[in-house]
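Each residue of the sequence shown is one higher than the one before, starting from 509 at the first, in my numbering.
Quick notes on the structure that follows.
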Amino acid sequence: MLDAGPRRTVGWLIAIRAIISTLLLGSAIVTQVTAPGSFAIDPFFFLIGLTYALTICYALTLRFVDRHRWLVDLQLAVDALIVSAFIYFTGGITSYFTSLYVLPVIAASTVQFRRGGLLVATLSTVLYSGLVLAQYLAVSGLRSDPWLNASSLALPTASVARYTVALNVFGVFAVALLGGSLADRLRSAGAQLEQASTEIADLQALNQHVIDSLPSGLVTTDPAQRILTFNRSAESITGVRFHSAVGRRFDEVLQLPGPVMESIQSDLHAKGSRRHLFRYRTDDGRGDLEIGLTATHLETPRGRAGLLFTFQDVTGIKKIEHDAAIQQRLAAVGEMAAGIAHEIRNPLASMSGSIQILRQELPLSSEQEQLMDIVLRESERLNTTIRSFLAYARPQRFQIERFDVRRALNDTALLLRHSAEVLEGHDIAVDVPASEIWYEADEGQIKQIVWNLATNGLRAMPEGGRLQLSSAFEPSSEGVVLTVRDEGIGIPAHELDALFQPFHGTFAKGSGLGLAIVHRIVTDYNGEIQVSSQPGRGTTVSVRLPARAVLAS
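Here's what the structure looks like:
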């Protein structure tokens, strides 16, 4: 059986055959020049020419070797015949070219391993024994041979001839066995090496797949903290490609602040590890990310080879934790609301009614009437605060119906224009598409969302400005987006997190519950609120409501 690449192996044999033929031709020419008549040169040249011709034929049939293996057997057999012819025409048993038999034997062992080497060795032995026998028969007169007449007197004795033949036969078979054994071992080693290489490649591929499938970013560095590996999740989180990251320092790629890097070094020195949080600014428009990172030494059998970093994008987790904290605080406030309603609202109503009766029945001076009016106004303001509190804290009753969101915005804008919140210089604009925006929800609550956001926007513009109410259909989520944009004083970045907490209002007017009520309604609808603000340039609040108003339990 041929090896895995017979065409290339046979091609090498053809090239070697051409080289040997060239060497033989050169040696024959030198011999003819230096010692004319040493051997019959004409048949010698003929055989060399024949070898060249056969080499060309072999080269032309090389592309058929894979399908027709007998072509290789034919080449090896012809090689043995040509070597026998060389030996025959150069003196037979006295020829200097007897060692050429090892060439086709080695070639057969290389191409067809031990079996091929033994077959060619057997053929070579038969041919050599036959030509020696024919040579001695010609000398004894039992057959005529014109090529051996010149050397018939120089033939060795029969015993020497038998010894020479036996020695050559032994040498040929020894080469066949040794060459075949080496070829078989080489083939076995090659197969084992190929299998081991395949297993290693599969293991490397599996390891790479495992590393790339990790949801966390995984980075390894050398002792100088230059990046060696950068998995697919690391690319996805940072937006930095593998080829751009390798070779650079880890703290440079991940934009690690100095205090965080010092903390990491301190943990590594103390042989401990903990999560480090820092902000990472992306270049692909995703904004700032909250990254949680853990570092440890990369241990190998030879010792520490560098550092191993794992990190995750915890922006969503942090948002969930923040929302959960808000919900906990809001739940606590809600539990207080019922008690406040029972403990304050009823006595407050009694006090307000009593003062009104006293005001009507008692003769009061102008100053006393003014004090009575202040008490009544403050009582009404306190009652309004309690009413807002109850609206926020009590479970809501939803009246889900299909309505046009554009109508809700236009109605709210009309009420705003005639409310006490509008000052001179205020401009309320509504930007809605020409076609209907149908949505299933409680229309009153949608109006309340817009009203509360709009009144905050108007209060943020005490010197006047443009308030824009807009709504649009969101194709990506098939939901609705409500947007309220003002040109007011803006909100500082450190106040955005507490924006929807109860009683966080910063305006003199209002109960401080308007945005908390908005947050409650939007949360009940499984919606989302996004706020972007620049101090001195205004605020934009976008409320995204899902495709269907599936109310949160």
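Just so you know, even glycine gets a beta-carbon here, dropped at the ideal spot from N, CA and C.
- By a beta-carbon distance limit of 8 Å, G687 contacts I614. Their separation comes to about 5 Å.
- In the three-state DSSP reduction, G795 falls in the coil class, being neither helix nor strand.
- Exposure of A778 is indicated by the presence of fewer than 16 other C-beta atoms within 10 angstroms of its C-beta.
- Assignment of R695 by DSSP, reduced to helix, strand and coil, places it in the helix class.
- Note that the region 988 to 1003 touches the region 967 to 976; at least 3 beta-carbon pairs, one per stretch, sit closer than 8 Å.
- In the pairwise beta carbon analysis, the region 746 to 766 is classified as touching the region 727 to 734: at least three pairs are separated by under 8 Å.
- One alpha carbon belongs to I882, the other to V938, and they sit about 38 Å apart.
- Taking 3 residues as the shortest admissible run, the region 971 to 1006 contains the following complete beta strand (DSSP E) segments, listed from N- to C-terminal end: 973 to 982 and 987 to 993.
- Comparing C-alpha distances from I825 to each of R810, L736, T808 and L797 shows the shortest one belongs to L797.
- Straight-line spacing of the CA atoms in I772 and F817 works out to 10 Å.
- Under DSSP, the beta-bridge partners assigned to H784 are L801.
- In the DSSP secondary-structure assignment, Q1038 is bridged to S1050.
- By the C-beta criterion, the region 862 to 875 is judged not to be in contact with the region 915 to 925, since fewer than 3 inter-stretch pairs fall below 8 Å.
- By the neighbour-count criterion, in which a residue is buried when 16 or more other Cβ atoms sit within 10 angstroms of its Cβ, A616 is buried.
- Only buried fits Y788, as 16 or more other CB atoms lie within 10 angstroms of its CB.
- Proximity of the region 859 to 866 to the region 820 to 835 falls short of the contact definition, fewer than three beta-carbon pairs being nearer than 8 Å.
- Taken atom to atom, the span from the alpha-carbon of V1030 to that of A1006 is near 16 Å.
- Taking the CA atoms as reference points, E702 sits about 14 Å from L711.
- Inside the region 667 to 743, DSSP marks whole beta strand (DSSP E) runs of 3 or more residues at positions 725 to 729 and 735 to 738, from first to last along the chain.
- For Q820, the enclosing beta strand (DSSP E) starts and ends at G811 to D821.
- In chain order, I745, L762, L785, F786, R787, Y788, F819, Q820, D821 and V822 place their CB closer than 8 Å to the CB of I799, counting only its own chain and leaving out the 5 sequence neighbours on each side.
- The continuous stretches of alpha helix (DSSP H) do not include E932, and DSSP gives it neither H nor E.
- DSSP, reduced to helix, strand and coil, places V619 within a helical segment of the structure shown.
- The beta-bridge partner set that DSSP reports for E909 consists of A949.
- Counting C-beta pairs with one atom in each stretch, the region 590 to 602 and the region 625 to 639 have three or more that are closer than 8 Å, which means they touch.
- When secondary structure is reduced to three states using DSSP, L806 falls in the strand class.
- With a threshold of 16 other beta carbon atoms within 10 Å, Q620 meets it and is buried.
- Take R837, set aside five residues on each side of it, and the residues of its chain with a beta-carbon closer than 7 Å to its own are Q1009, in chain order.
- DSSP places Q1009 outside any alpha helix (DSSP H), giving it a letter other than H or E.
- Nearest in C-alpha terms to E1003, of all of P983, V1039 and N1034, is V1039.
- For I936, the closest C-alpha among the options I954, L961 and E951 is that of L961.
- Counting along the chain, F594 sits inside the alpha helix (DSSP H) bounded by residues W578 to F597.
- Taking each of A968, T606 and L611 in turn and checking the Cα distance to A674, the smallest one comes out for T606.
- Its chain contains I595 as the residues whose beta carbon lies nearer than 7 Å to that of S603, once the 5 sequence neighbours on both sides are disregarded; these appear in chain order.
- Separation of T893 and G1022 (C-alpha to C-alpha, rounded to the nearest whole angstrom) is 10 Å.
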